[in-house]
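Notes to accompany the following structure.
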Ligand code: NAD
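In the working numbering, the protein residues as written are 1057 to 1316.
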């Protein structure tokens, strides 16, 4: 199916690896030109070279997307933001008794306020042009909280509540601007490998054995692949998906145990 977005421009944040790169690849395959961002310059350039080989224009902005100056550079690099994929690394695990105000502010900054700032900069232009697709990469933890990820549960739920109201503004939805959250379950990325290694160390077991246990908890009996995540994201950004807005879309191999 032709997604009808060839020639459009997208900003993809945190896109040198993992889910962000999966989204950037899927959009590039649809002919979407990209501004990609990530913290480390080297990995970003490697990703950009690969994405350019798919035949699209790719511009890069290295830096932490939660810094206002980096966001300004990202926005300035994009001739016209048709598609915005909000993403950033998740906050660290821990016990809320140990977290200070600074820890909370950092989590809120990266996983709630940064996407809101980027949306604010793009959304009215999208509405004027009659096309906009915004996808926020959040987490399955928004629907089924994970106790040690309290910073993530809290910050991402704040973003989710805000988006639920914004996406339904007729000024946006009525002008073909959609905003949706994409909620990953366990996906095979560097972050997942780090989490599994930490769990293996803590339990005095091997990464293979922990991975096997975790896979068995997923009804699909495996972890997701960034390519699968990217393909779903690209569909949400398609011309055909204009009636899909304000939703929290789980992609988790059946892990979430609820009926709704
Ligand atoms: P990853 O660690 O594999 O990818 C990290 C990428 O993000 C790198 O390109 C890195 O440079 C970039 N990055 C991180 N923080 C950044 C920042 N502040 N500014 C700019 N670039 C930044 O991570 P991932 O597994 O692809 O996860 C992406 C998001 O999805 C994270 O928020 C994560 O918490 C969430 N998530 C992931 C999973 C999973 O299983 N992978 C599950 C649930 C939620």
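Cβ atoms here follow ideal geometry from the backbone N, Cα and C, with glycine treated the same way.
1) Candidates 1196, 1229, 1129: which alpha carbon is nearest residue 1313's?
2) The ligand NAD heavy atoms versus the CB of residue 1196: any closer than 7 Å?
3) Taking the DSSP output, what are the residues bridged to residue 1066?
4) In whole angstroms, give me the CA-to-CA distance for residue 1089 and residue 1063.
5) Is the CB-CB distance between residue 1175 and residue 1190 below 8 Å?
6) Between residue 1096 and residue 1066, which are expected to be in contact by the criterion C-beta below 8 Å, what is the C-beta distance as a whole number of angstroms?
7) For my contact list, residue 1194 and residue 1215 are in at a C-beta cut-off of 8 Å; report their separation, rounded to the angstrom.
8) Going by C-alpha to C-alpha distance, which of 1073, 1111, 1246, 1083 sits closest to residue 1053?
9) Curious, which full-length alpha helix (DSSP H) runs of at least 4 residues does the region 1262-1298 contain?
10) If you reduce the DSSP assignment to three classes, tell me which class residue 1193 lands in.
11) At what residue ranges does the region 1170-1238 contain a whole run of the beta strand (DSSP E), taking only runs of 3 or more?
12) State the Cα-Cα distance for the pair residue 1255 and residue 1206, rounded to the nearest angstrom.
13) Return yes when the C-beta of residue 1272 is under 7 Å from any heavy atom of the ligand NAD, and no when it is not.
14) When the Cα of residue 1237 is compared with those of 1059, 1293, 1158, 1180, which residue comes out closest?
15) Can you give me the C-alpha to C-alpha distance between residue 1315 and residue 1286, rounded to a whole angstrom?
16) Quick one: is the Cβ of residue 1072 within less than 7 Å of any heavy atom of the ligand NAD?
17) The ligand NAD and residue 1069: does any heavy atom of the ligand fall closer than 7 Å to the residue's C-beta?
18) Compare the C-alpha of residue 1249 against each of 1270, 1134, 1079, 1098 and name the closest.
19) Which of the three DSSP states, helix, strand or coil, is assigned to residue 1144?
20) Give me whichever residues DSSP pairs with residue 1306 in a beta bridge.
21) Could you tell me which of 1058, 1069, 1081, 1304 sits nearest to residue 1221, measuring between CA atoms?
Looking at the coordinates:
1) Locating residue 1313 in the chain shown gives position 257, where the first residue counts as 1. Closest option to residue 1313, Cα to Cα, is 1196.
2) Here the question's residue 1196 lines up with position 140 in the chain shown. It does: the Cβ of residue 1196 is within 7 Å (strictly closer) of some heavy atom of the ligand NAD.
3) As a position in the chain shown, residue 1066 is number 10, starting the count at 1. Answer is 1090, 1139.
4) One-based indexing of the chain shown puts residue 1089 at position 33. One-based indexing of the chain shown puts residue 1063 at position 7. Going from the Cα of residue 1089 to the Cα of residue 1063 covers about 6 Å.
5) Position 119 of the chain shown, counted from the first residue, corresponds to residue 1175. Position 134 of the chain shown, counted from the first residue, corresponds to residue 1190. Against a cut-off of 8 Å, the Cβ pair of residue 1190 and residue 1175 comes out as a contact.
6) For the purposes of this step, residue 1096 is taken as the residue at position 40 of the chain shown. For the purposes of this step, residue 1066 is taken as the residue at position 10 of the chain shown. Not a contact, Cβ separation roughly 21 Å.
7) Residue mapping note: residue 1194 aligns to position 138 of the chain shown, counting from 1. Residue mapping note: residue 1215 aligns to position 159 of the chain shown, counting from 1. The pair is a contact, with the Cβ atoms about 7 Å apart (cut-off 8 Å).
8) Residue numbering for the chain in the displayed model covers 1057 to 1316; residue 1053 lies beyond these limits and cannot be assessed.
9) 1263-1273, 1282-1292
10) The sequence position of residue 1193 within the chain shown is 137, counting from 1. In the structure shown, residue 1193 sits in a strand (DSSP, three-state: E or B).
11) 1188-1193
12) Taking the chain shown and counting its residues from 1, one reaches residue 1255 at position 199. Taking the chain shown and counting its residues from 1, one reaches residue 1206 at position 150. In a straight line, the C-alpha of residue 1255 is about 17 Å away from that of residue 1206.
13) Position 216 of the chain shown, counting from 1, holds the residue named residue 1272. Incorrect: residue 1272 has no Cβ contact closer than 7 Å to the ligand NAD.
14) Your numbering for residue 1237 matches position 181 in the chain shown. Considering only alpha carbons, the answer is 1293.
15) Counted from its first residue, the chain shown places residue 1315 at position 259. Counted from its first residue, the chain shown places residue 1286 at position 230. If I take the Cα positions, the gap works out to 25 Å.
16) Translated into positions along the chain shown, residue 1072 becomes position 16. Indeed, a heavy atom of the ligand NAD lies less than 7 Å from the Cβ.
17) Sequence index remark: in the chain shown, residue 1069 carries index 13 (1-based). Correct: residue 1069 has its Cβ closer than 7 Å to the ligand NAD.
18) Here residue 1249 refers to the residue found at position 193 when the chain shown is read from its first residue. Per the Cα distances, 1270.
19) Along the chain shown, one-based indexing puts residue 1144 at 88. In this structure, residue 1144 counts as coil in the three-state DSSP scheme.
20) Translated into the one-based positions of the chain shown, residue 1306 becomes position 250. The partner list for residue 1306 (beta bridge, DSSP) reads 1239.
21) Here residue 1221 is taken as the residue at index 165 of the chain shown, counted from 1. Cα-wise, what sits closest to residue 1221 is 1304.
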